[in-house]
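Protein sequences, first through last, are from chains V and X. Under numbering that gives the first Met the number 0, think of the first position of the first sequence as 0, with each following residue one higher. Under numbering that gives the first Met the number 0, think of the first position of the second sequence as 0, with each following residue one higher. We put the beta carbon where it would ideally sit given N, CA and C, even for glycine. Predicted, not measured: the structure shown is a model, and the values here were computed from it. Following: one structure in structure tokens, then a few remarks.
Number of protein chains: 2
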Amino acid sequence: MQKKILEIYNIIKKLRKECPADKARDEKSLIKDIGGELNEVAMALGAKDSENLSEELGDLLFTVLFLTNLCEEKYNFNIENVLNKLNNKMIFRHPHVFENPRQVTIEEAEKIWKQKKQEEKEFNIIH
Amino acid sequence: MQKKILEIYNIIKKLRKECPADKARDEKSLIKDIGGELNEVAMALGAKDSENLSEELGDLLFTVLFLTNLCEEKYNFNIENVLNKLNNKMIFRHPHVFENPRQVTIEEAEKIWKQKKQEEKEFNIIH
Numbered sequence: 000m001q002k003k004i005l006e007i008y009n010i011i012k013k014l015r016k017e018c019p020a021d022k023a024r025d026e027k028s029l030i031k032d033i034g035g036e037l038n039e040v041a042m043a044l045g046a047k048d049s050e051n052l053s054e055e056l057g058d059l060l061f062t063v064l065f066l067t068n069l070c071e072e073k074y075n076f077n078i079e080n081v082l083n084k085l086n087n088k089m090i091f092r093h094p095h096v097f098e099n100p101r102q103v104t105i106e107e108a109e110k111i112w113k114q115k116k117q118e119e120k121e122f123n124i125i126h
Numbered sequence: 000m001q002k003k004i005l006e007i008y009n010i011i012k013k014l015r016k017e018c019p020a021d022k023a024r025d026e027k028s029l030i031k032d033i034g035g036e037l038n039e040v041a042m043a044l045g046a047k048d049s050e051n052l053s054e055e056l057g058d059l060l061f062t063v064l065f066l067t068n069l070c071e072e073k074y075n076f077n078i079e080n081v082l083n084k085l086n087n088k089m090i091f092r093h094p095h096v097f098e099n100p101r102q103v104t105i106e107e108a109e110k111i112w113k114q115k116k117q118e119e120k121e122f123n124i125i126h
């Protein structure tokens, strides 16, 4: 999948440079579009239409990546950092899965998540 | 970025197997969570808070990938096909960028998009 994701991200970059309709998309229109795509995913799920669901999930992912690329440019961060931080955060908030694997209940897992989130805020741990 | 995306997808797979709170997430709760994350992205954009925006975009992407992985399992498709189809569709719907690069207006680009979408439906072109 990683090769395909990179291809799609490169398609997005090209469209944002070379297609006037894509150039015109901005944060506001993209937030609206993502909401629309999410609604289409929900409808495909409701209809249990696997073929359509797979297409709508692709459209949702595309629109989120499109917004991410626009934000990279306009708000001075890059997707590598976004992904890195996300990755580190998810590992940090699940010590029962990664750091010290052990069986926990749902309630314990939720409590750990909240504790770790609080620690992040206090100590600015995740980079 | 492609390496990081693969890492995150592998984290998701592990969480869905080994964390009881993540195991309990289903289509309905994930659709709701994606809506929540989208709202947080919109708020970070409104506040022009670049640091927070980068985190919220990561969370949004994570939740969409989480739903995709759950759907792969439950609805019998795989993410490779989702991405492949998406890729082919985006190239097919932008001949003015890929097949035969030329300057077009926004109106022309939108007209081409609609025409191509119609062709896809009629001839079942995109796989």
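X:Gln1 reaches chain V at Gln1, Lys2, Ile4, Leu5, counting residues in chain order whose Cβ is nearer than 7 Å. The contact set of V:Ile124 on chain X, defined by CB atoms closer than 7 Å, is empty, because the minimum CB distance reaches about 13 Å.
X:Met0 is a Cβ neighbour of V:Ile78, given a cutoff of 7 Å. Comparing alpha-carbon positions, the option among X:Leu14, X:Leu5, X:Glu106 lying closest to V:Phe91 turns out to be X:Leu14. A Cβ-Cβ distance of about 11 Å is found for the pair X:His95 and X:Ile105, leaving them out of contact under the 8 Å criterion.
DSSP places V:Asp58 in the helix class (H, G or I) of the three-state scheme. Here DSSP, grouped into helix, strand and coil, assigns X:Val40 to helix. Nearest in C-alpha terms to X:His93, of all of X:Ala108, X:Asn83, X:Lys84, is X:Ala108.
Taking a beta-carbon distance threshold of 7 Å, X:Thr67 counts as an interface residue toward chain V.
Just measuring C-alpha positions, the residue of V:Asp48, V:Glu121, V:Lys12, V:Leu66 sitting nearest V:Lys31 is V:Leu66. Per DSSP, the continuous alpha helix (DSSP H) segment holding V:Ala108 begins and ends at 105–122.
Boundaries of the alpha helix (DSSP H) harbouring X:Lys84: 78–91, taken from the DSSP string. For X:Phe61, at least one C-beta of chain V is nearer than 7 Å to its own C-beta. Restricting attention to V:Lys116, V:Arg101, V:Glu119, the CA atom closest to the CA of X:Lys16 is found in V:Arg101. For V:Lys113, the closest alpha carbon among the candidates X:Leu82, X:Lys3, X:Ala20, X:Asn51 is that of X:Ala20. Of all alpha-carbon atoms in X:Cys70, X:Gly57, X:Lys2, X:Asn87, the one lying nearest the alpha-carbon of X:Leu29 is that of X:Cys70. If you draw a straight line from the Cα of X:Asn68 to the Cα of V:Glu72, it comes to about 29 Å.
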